[in-house]
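Below is one structure, written out as structure tokens; the observations come after it.
Set out below in structure tokens:
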């Protein structure tokens, strides 16, 4: 039996994920992004890296069969199932600074960066150590000609999920994203479950 | 007067670049990539960030007028002139691991990561602290539909250059890239000059 955990809207959490375990991330309401970061339990300076992943997977669009790599060129997570097929690995977690930049006049929130920093502090990860996240369900189309990026509502429908296999002993940080644009204008929870096979 | 410096083929260097100074990076022979990383002199944990840059500039293709941002949401460098207009900010510096992965049977080289780590060590930057680089002159077309990345020869012709203005006191790491594919199959030097206005 696996227990279902919930990340409340605009918050974050961190937990250990042992090698071999499966992590399922569920979007219960639809159109909600979850920023995921990963670190080696042995040394949290080994962190998930979008650049290494793009290098080794030779694509920016990661789905079933792709692996997410560390800055030390080690595979950390494999995507073993994916009901959505559209996630982002280009953009950094939203933060106080991004709220001031993009949402002038709206209340400032500490965002995913603040939520991740608090959740990851007990594991020895500081805010500067939080890299570009794998933004589950985030929909960021790229114009290959101009390089232009747009942030559109996620393609995830209620109860869609993505499943990962841990390829090393990991510390995982995860959020229910706090930014307006990423989530189609509203804030919803994220659920997850861990299965140790 | 500004002095012209040369980075020999397959090597790297690091230097201080004060706020306000202009850095010109020249490709003397054409089709040669230079990986550039930047850190705050005050605290090298503040580092150049592709994700923050993509966020704030809203494009992956950076050229004259664009700024390169730090993980603390501060602008570090502005591109003030650019004769090529095609650079990459997706891929990590080549390394021993990437040589083993992509160039099976060819001699392994420590690559830009090894060169940067040695050059940056006196400034207190370790290998794990070297983020995805701004890869000057690197030509990485992206298929927006499939996400597929390709590494093609640079578009730079002999003596083409790009010029940056430092927006804070910086430590810069720079290479003449060591990877076969990035440079059209051969290894050439990179030159640079610093002007304090």
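Chains as they are written, first to last, in our numbering: chain A, 16 to 212; chain B, 16 to 212.
A virtual CB, placed ideally from N, CA and C, is assigned to each residue, including glycine.
* Once you ignore the five residues that flank residue 127 of chain A on each side, which residues in its own chain have a CB closer than 8 Å to its CB? -> As a working note, residue 127 of chain A is residue 112 in the first chain. So the qualifying residues of the chain are 27, 50, 108, 109, 110, 148, 190, 192, 193 and 194.
* Among B:39, B:35 and B:93, which has the Cα closest to the Cα of residue 18 of chain B? -> Here residue 18 of chain B corresponds to residue number 3 of the second chain, with the count starting at 1. Comparing alpha-carbon positions, the option among B:39, B:35 and B:93 lying closest to residue 18 of chain B turns out to be B:39.
* Return helix, strand or coil for residue 202 of chain A, following the three-state DSSP convention. => By one-based count along the first chain, residue 202 of chain A stands at place 187. Looking at residue 202 of chain A - three-state DSSP - the assignment turns out to be coil, as it is neither helix nor strand.
* Given that residue 53 of chain B touches chain A, what residues does it touch there, using C-beta distances under 8 Å? -> One-based indexing of the second chain puts residue 53 of chain B at position 38. Simply none; closest approach about 14 Å.
* Asked: If you run the structure through DSSP and keep just helix, strand and coil, what is residue 58 of chain A?
  -> Sequence index remark: in the first chain, residue 58 of chain A carries index 43 (1-based). Under the three-state reduction of DSSP output, residue 58 of chain A falls in the coil class, being neither helix nor strand.
* Asked: Among all the DSSP beta bridges, which residues are the ones paired with residue 90 of chain A?
  -> Indexing the first chain from 1 puts residue 90 of chain A at position 75. Note: residue 90 of chain A sits in a beta bridge opposite A:84.
* Name, please, each residue of chain A whose Cβ falls closer than 7 Å to the Cβ of residue 112 of chain B. => Against the second chain, residue 112 of chain B aligns to sequence position 97. Those are 88, listed as they occur along chain A.
* To do: Using only alpha-carbon positions, find the residue among B:91, B:103 and B:146 that is nearest to residue 57 of chain B.
  => The count along the second chain starts at 1 and reaches residue 57 of chain B at position 42. Distances from the alpha-carbon of residue 57 of chain B to those of B:91, B:103 and B:146 put B:91 closest.
* **Near-chain A residues of the segment 93-105 of chain B - C-beta to any C-beta below 9 Å** => The residues in question are 104 and 105.
* **Three-state class that DSSP yields for residue 152 of chain A in the structure shown** => Indexing the first chain from 1 puts residue 152 of chain A at position 137. In the three-state reduction of the DSSP assignment, residue 152 of chain A falls in the coil class, being assigned neither a helical nor a strand state.
* List the residues of chain B whose Cβ lies closer than 8 Å to the Cβ of residue 130 of chain A, in chain order. => Looking up residue 130 of chain A in the first chain gives position 115. For a Cβ distance threshold of 8 Å, nothing in chain B lies close to residue 130 of chain A: the least Cβ distance comes to about 16 Å.
* To do: Taking all protein chains shown into account, decide if residue 123 of chain B is buried (16 or more other Cβ within 10 angstroms of its Cβ) or exposed.
  => The residue given as residue 123 of chain B occupies position 108 in the second chain. Exposed, since its Cβ has fewer than 16 Cβ neighbours within 10 Å.
* Is the Cβ-Cβ distance between residue 99 of chain A and residue 198 of chain A less than 9 Å? -> In the first chain, counting from the first residue as 1, residue 99 of chain A sits at position 84. In the first chain, counting from the first residue as 1, residue 198 of chain A sits at position 183. In this structure, residue 99 of chain A keeps its C-beta atom at 9 Å or more from the C-beta atom of residue 198 of chain A.
* Assign residue 70 of chain A to buried or exposed, taking buried as 16 or more other Cβ atoms, counted over all protein chains shown, within 10 Å of its Cβ. => The sequence position of residue 70 of chain A within the first chain is 55, counting from 1. Flag for residue 70 of chain A reads buried.
* **Backbone secondary structure at residue 117 of chain B - three-state DSSP** => On the second chain, residue 117 of chain B is found 102 positions in, with the first residue counted as 1. Shown here, residue 117 of chain B sits in a helix according to DSSP, grouped into three states.
* With 7 Å as the C-beta to C-beta threshold (strictly closer), list the residues of the segment 71-88 of chain B near chain A in chain order. => Listed by position along the chain: 71, 73, 74, 75, 76, 86 and 88.
* Under 9 Å between C-beta atoms of residue 55 of chain A and residue 184 of chain A -> Along the first chain, one-based indexing puts residue 55 of chain A at 40. Along the first chain, one-based indexing puts residue 184 of chain A at 169. Using a Cβ distance threshold of 9 Å, residue 55 of chain A and residue 184 of chain A count as a contacting pair.
* **Coarse secondary structure for residue 68 of chain B, derived from DSSP in three states** => The sequence position of residue 68 of chain B within the second chain is 53, counting from 1. Assignment of residue 68 of chain B by DSSP, reduced to helix, strand and coil, places it in the helix class.
* Asked: Residues of chain C with CB under 9 Å from residue 116 of chain A, in chain order?
  -> Given the protein chain composition of this structure (A and B), no chain C is represented.
* Got a sec: is the Cβ-Cβ distance from residue 65 of chain A to anything in chain B below 9 Å? -> For the purposes of this step, residue 65 of chain A is taken as the residue at position 50 of the first chain. Yes, residue 65 of chain A counts as interfacial toward chain B.
* Any residues in the segment 128-157 of chain A with a beta carbon nearer than 7 Å to a beta carbon of chain B? Which ones, in chain order? -> Of all residues in the segment 128-157 of chain A, those with a C-beta nearer than 7 Å to a C-beta of chain B are 143, 147, 156 and 157, reading in chain order.
* Own chain, CB closer than 6 Å to residue 34 of chain A, minus 5 neighbours either side, in chain order -> Here residue 34 of chain A refers to the residue found at position 19 when the first chain is read from its first residue. Same-chain partners within the cutoff: 181, 183 and 184.
* To do: Please decide whether residue 107 of chain B counts as near chain A, where near means a Cβ-Cβ distance under 9 Å.
  => Numbered from 1 along the second chain, position 92 holds the residue referred to as residue 107 of chain B. So, interface residue.
* Taking residue 150 of chain B and residue 106 of chain B to be in contact with their CB atoms under 8 Å, please state how far apart those CB atoms are, rounded to whole angstroms. => Counting from one through the second chain, the residue named residue 150 of chain B turns up at place 135. Counting from one through the second chain, the residue named residue 106 of chain B turns up at place 91. The pair is a contact, with the Cβ atoms about 6 Å apart (cut-off 8 Å).
* **Test: residue 170 of chain B CB closer than 9 Å to a CB of chain A** => One-based indexing of the second chain puts residue 170 of chain B at position 155. At a cut-off of 9 Å between beta-carbon atoms, residue 170 of chain B makes no contact with chain A.
* Name the chain B residues that come within less than 7 Å of residue 162 of chain A, Cβ to Cβ? -> The residue given as residue 162 of chain A occupies position 147 in the first chain. Neighbours of residue 162 of chain A on chain B, chain order: 74, 75 and 76.
* Through-space distance from residue 79 of chain A to residue 97 of chain A, alpha-carbon basis -> Start at 1 with the first residue of the first chain, and residue 97 of chain A comes out as number 82. Start at 1 with the first residue of the first chain, and residue 79 of chain A comes out as number 64. Cα to Cα, residue 97 of chain A sits roughly 6 Å from residue 79 of chain A.
* **Cβ shell of residue 42 of chain A (< 6 Å), same chain only, five flanking positions each side left out** => Working through the first chain from its first residue, we reach residue 42 of chain A at position 27. So the list reads 152, 171 and 175, once near-sequence residues are dropped.
* Asked: Can you tell which of A:165, A:72 and A:161 has its C-alpha closest to the C-alpha of residue 77 of chain B?
  -> Locating residue 77 of chain B in the second chain gives position 62, where the first residue counts as 1. The shortest C-alpha to C-alpha distance from residue 77 of chain B to any of A:165, A:72 and A:161 is the one to A:161.
* To do: Taking residue 133 of chain B as the reference, give the member of B:203, B:188 and B:31 with the closest Cα.
  => One-based indexing of the second chain puts residue 133 of chain B at position 118. Of the listed residues, the one whose Cα sits closest to residue 133 of chain B is B:188.
* **Extent of the continuous beta strand (DSSP E) run through residue 185 of chain A** => By one-based count along the first chain, residue 185 of chain A stands at place 170. Element bounds for residue 185 of chain A: 185-190.
* To do: Report yes if the CB atom of residue 73 of chain A is closer than 9 Å to the CB atom of residue 83 of chain A, and no otherwise.
  => Here the question's residue 73 of chain A lines up with position 58 in the first chain. Here the question's residue 83 of chain A lines up with position 68 in the first chain. At a Cβ-Cβ threshold of 9 Å, residue 73 of chain A and residue 83 of chain A do not count as neighbours.
* **Spatially closest choice to residue 117 of chain B from A:138, A:67, A:143 and A:118, by CA coordinates** => Translated into the one-based positions of the second chain, residue 117 of chain B becomes position 102. It is A:67 whose Cα lies nearest to the Cα of residue 117 of chain B.
* Quick one: grab the DSSP three-state call for residue 112 of chain A. => Here the question's residue 112 of chain A lines up with position 97 in the first chain. Assigned with DSSP and collapsed to three states, residue 112 of chain A falls in helix.
* Along chain A, in chain order, which residues have C-beta atoms closer than 8 Å to that of residue 200 of chain B? -> Position 185 of the second chain, counted from the first residue, corresponds to residue 200 of chain B. The premise fails here: residue 200 of chain B is roughly 18 Å from chain A at the closest Cβ pair, so nothing lies under 8 Å.
* To do: Using a Cβ cut-off of 9 Å (strictly closer), state whether residue 159 of chain B contacts chain A.
  => Against the second chain, residue 159 of chain B aligns to sequence position 144. Taking 9 Å as the threshold, the shortest C-beta distance from residue 159 of chain B to chain A falls below it.
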